[in-house]
Amino acid sequence: FTNKAAAEMRHRVSALLGGQPVEGWWLGTFHALAARMLRANADLVGLTPQFTILDDDDQPRLIRQIMDVEGIDTKKNPPKLVQAAISRWKDKGLGPDTISQHDAAELADGRGQAIYAAYQARLRTLNCCDFGDLLLHVINILRNPAHKTVLERYQRRFKYVLVDEYQDTNVAQYLWLRLLAMGHQNICCVGDDDQSIYGWRGAEVGNILRFSQDFAGATVIKLEQNYRSTG
């Protein structure tokens, strides 16, 4: 549904401009925009711009191969369970070197961190990434002092940032937004903490609750009158 919402957003912006085409504009989902950034800077994370994005079926298959090589029982430790843990770490903006031993201790006979590292290495060898990598790789590029010019270029480009359904953002999306908005501090987020229903897939309602603290000087406008429902 997020792709459908992004298409609706492009349609509305085009209509506001008298039907002008908006293809190529930075209007889209978090992952679509992050993928575009990553293709433009793929070499900085060991990929080429033609990298492939793995689907949900390919990921556990690759993880199973790694577990077989490592001699880990895949019946006792289902690859889909390992995949889910890796996805959660990526949603939090954590790479293999930044997750804690405690987080990985109960996964795959205590070797969750090693599997994660091997999985990332294998993805690079195959010139692939998964859905979580789209944001994680871009965050790592923008955070890296060696790539300061890349961060500055995107901060100049994104003079204003508008985000809808902010209550559904996860930690990685928050970090990505913060890096982009640090330059101009012009960020407008719309959301309703009472409608946060995606905690099961990494959404962090604290992002919207902390907004005025994270972006000092922000104006909070409460929309408390219902214009959509009848009495």
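Under my numbering, the first residue of the sequence shown carries the number 202, and numbering increases by one thereafter.
For every residue, glycine included, the Cβ atom is placed at its ideal position computed from N, Cα and C.
Straight-line measurement puts the Cα of R289 at about 25 Å from the Cα of L363.
V372 is the residue among A322, A417, V372 whose C-alpha sits nearest the C-alpha of E405. By the Cβ test, the segment 213-231 is not in contact with the segment 292-301, since fewer than three Cβ pairs between them sit closer than 8 Å. For secondary structure counted as the alpha helix (DSSP H) over 4 or more consecutive residues, the segment 299-381 holds these complete runs in sequence order: 302-305, 313-326, 332-344, 349-358. A straight line joining the alpha-carbon of T249 with that of G294 spans about 22 Å. DSSP lists C330 as the beta-bridge partner residues of I254. If you look at I388, you'll find it in the beta strand (DSSP E) that goes 388-390. Remark: C-beta atoms of G333 and K291 approach each other more closely than 7 Å. Segment contact: the segment 352-362 against the segment 372-385, three or more CB-CB distances shorter than 8 Å; contact assigned. In this structure, A322 lies away from G313, with their beta-carbon atoms at least 7 Å apart. A residue is called buried once 16 or more other Cβ atoms fall within 10 Å of its Cβ, and H212, having fewer, is exposed. Where W226 is concerned, there is no enclosing alpha helix (DSSP H), because DSSP gives it neither an H nor an E. The beta carbons of L336 and A243 sit about 14 Å from each other, so the pair does not count as a contact at 8 Å.
Straight across, the Cα-Cα distance linking I340 with P346 is about 12 Å. About 6 Å separates the beta carbons of R265 and T275, which is inside the 8 Å limit, making them a contact pair.
In terms of Cβ geometry, I409 and Y375 do not form a close pair [threshold 7 Å]. In the displayed model, H212 falls within a helix according to three-state DSSP. Taking C-beta atoms as the reference points, G229 and A207 count as a pair closer than 7 Å.
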